[in-house]
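Below: the structure, in structure tokens.
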Amino acid sequence: MVDFNIYSFEQQVLETFHFQHKQNELYRNYIQLTGRNAGEIKQLTEIPFLPIRFFKSHEVKSTQFIPQQVFESSGTTKTGNSRHHVKELEIYRESFTRGFERFYGSPTGWCILALLPSYLERNNSSLVMMADDLIRLSGHPESGFYLDQFSLLNEKLTALEKKQQKTLLLGVTFALLDYFEAFPMQLKNTVIMETGGMKGRREEMTRTEVHRLITGGSGVSAVHSEYGMTELLSQAYSSGDGIFRCPPWMKIVLRAEDDPFGVTDRNGQPLKEGIINVIDLANRYSCSFIATDDMGKLYDDGSFEVIGRVDNSDVRGCSLMVL
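Numbering (the numbering used here), first residue to last: 483 to 805.
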């Protein structure tokens, strides 16, 4: 992971860029096709971002290695699944653990319930690995996964509420909607976190509508969200209203719809609305500069909002809903 006591964020970004330009043949070839001279890139705004679709068709690897794990996206489209070749799983573990601790404190003390039915049917999901580790780190005997055992989950949540146990219910969106439709309740000690994605199981809805249905069925005042994807090793989190915040080793940069390399306005200031580029320094042995297909808004404090998808882009299994 990144040692910010030694490097500033931009210094670390530039070091990572030049490392990946040297060690990642695919990224190097892409930079050459853009007409950019990597040796002349001296600031963050000049760095080309690799289109996320390359994870569907190529091995995106910096240095040569046999991966410890290949994470694969859920197969919701006809264009193939994304595959992320991970050199060192410990980097991913450190990233998601430190990220969780930054926004929610130590997993110890939480009871963590994971309602991830579609993901549990696969053994190569980065989300399942993250949830499994957080469940283990919580140390709570009631923490665990749920496939479609809604009655059992209802009994568990009811008992935990009676004990006033601090609980995190992490769930894929369609499963949370199905659950609270079947078992409406009033939760006072539970944080609900949706990971996005209808996965073809329900009609796509706006985030506002989804959160309204979940809050109405659960009694919570706000629904938390996680912004992550197969191609990244870091996550951003929202504690409500769809406003996400990144850990220090992750940053959002917006690009113009009509210019894939335009990340500033006429005054040289960062764009406030556009298509989301992600800098993820945990992706050192993959690519840390990913051009997604999500539309977003960026705020002055670095937080951001996802407002939809680029026209004709894939609907991703872990994507958030369009607005």
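Beta carbons: idealized from backbone N, C-alpha and C, even for Gly.
Please read all numbers here as calculations on a predicted model, not as lab measurements.
For the 7 Å CB-CB criterion, T712 and S544 do not form a contact. Fully enclosed beta strand (DSSP E) runs of no fewer than 3 residues occupy 551-554, 565-568 of the stretch 545-593, in order along the chain.
When DSSP states are grouped into helix, strand and coil, L629 belongs to the coil group. Ranked by Cα distance from K569, the first of R535, R584, Q550, G587 is Q550.
In this structure, the straight-line span from the alpha carbon of F531 to that of M612 is close to 26 Å. Contact between the stretch 779-788 and the stretch 717-725 is established, with three or more Cβ pairs separated by less than 8 Å. The stretch 693-705 and the stretch 592-606 do not touch, with fewer than 3 CB-CB distances between them shorter than 8 Å. The C-alpha of Q668 lies about 32 Å from the C-alpha of S556. With respect to S564, F537 sits close: the two C-beta atoms are nearer than 7 Å. Around the C-beta of E676, 16 or more other C-beta atoms lie within 10 Å, and the residue is accordingly described as buried. For K779, DSSP records a beta bridge to E755, E787. For I734, the uninterrupted beta strand (DSSP E) run begins and ends at 732-737, by DSSP. In the three-state reduction of the DSSP assignment, M612 falls in the helix class, which pools H, G and I. N671 and Q647 have their C-alpha atoms roughly 6 Å apart. Assignment of S707 by DSSP, reduced to helix, strand and coil, places it in the strand class. For Y512, the closest alpha carbon among the candidates P623, P742, G790 is that of P742.
Around the CB of Q525, fewer than 16 other CB atoms lie within 10 Å, so the residue is classed as exposed. In this structure, the straight-line span from the alpha carbon of I758 to that of Q751 is close to 16 Å. In terms of Cβ geometry, D776 and V788 form a close pair [threshold 7 Å]. V673 places its beta carbon less than 7 Å from that of H706. A residue is called buried when at least 16 other Cβ atoms come within 10 angstroms of its Cβ; Q717 meets this threshold and is buried. In the DSSP assignment, G653 is bridged to L597, E676.
I772 sits in a strand when the DSSP states are folded into three classes. Ranking C769, S785, V692, Y574 by CA distance to the CA of E497 puts C769 first. Taking all protein chains shown into account, S588 has fewer than 16 neighbouring C-beta atoms within 10 Å of its C-beta and is therefore exposed. P533 is bridged by DSSP to A773. Apart from sequence neighbours up to five positions away, the residues of its chain that approach R766 with a beta-carbon distance below 8 Å are T498, F501, Q502, S544, I573, ordered along the chain. Distance check between R689 and each of A764, S633, R791, P730 places R791 closest, using alpha-carbon atoms only. When DSSP states are grouped into helix, strand and coil, S720 belongs to the strand group.
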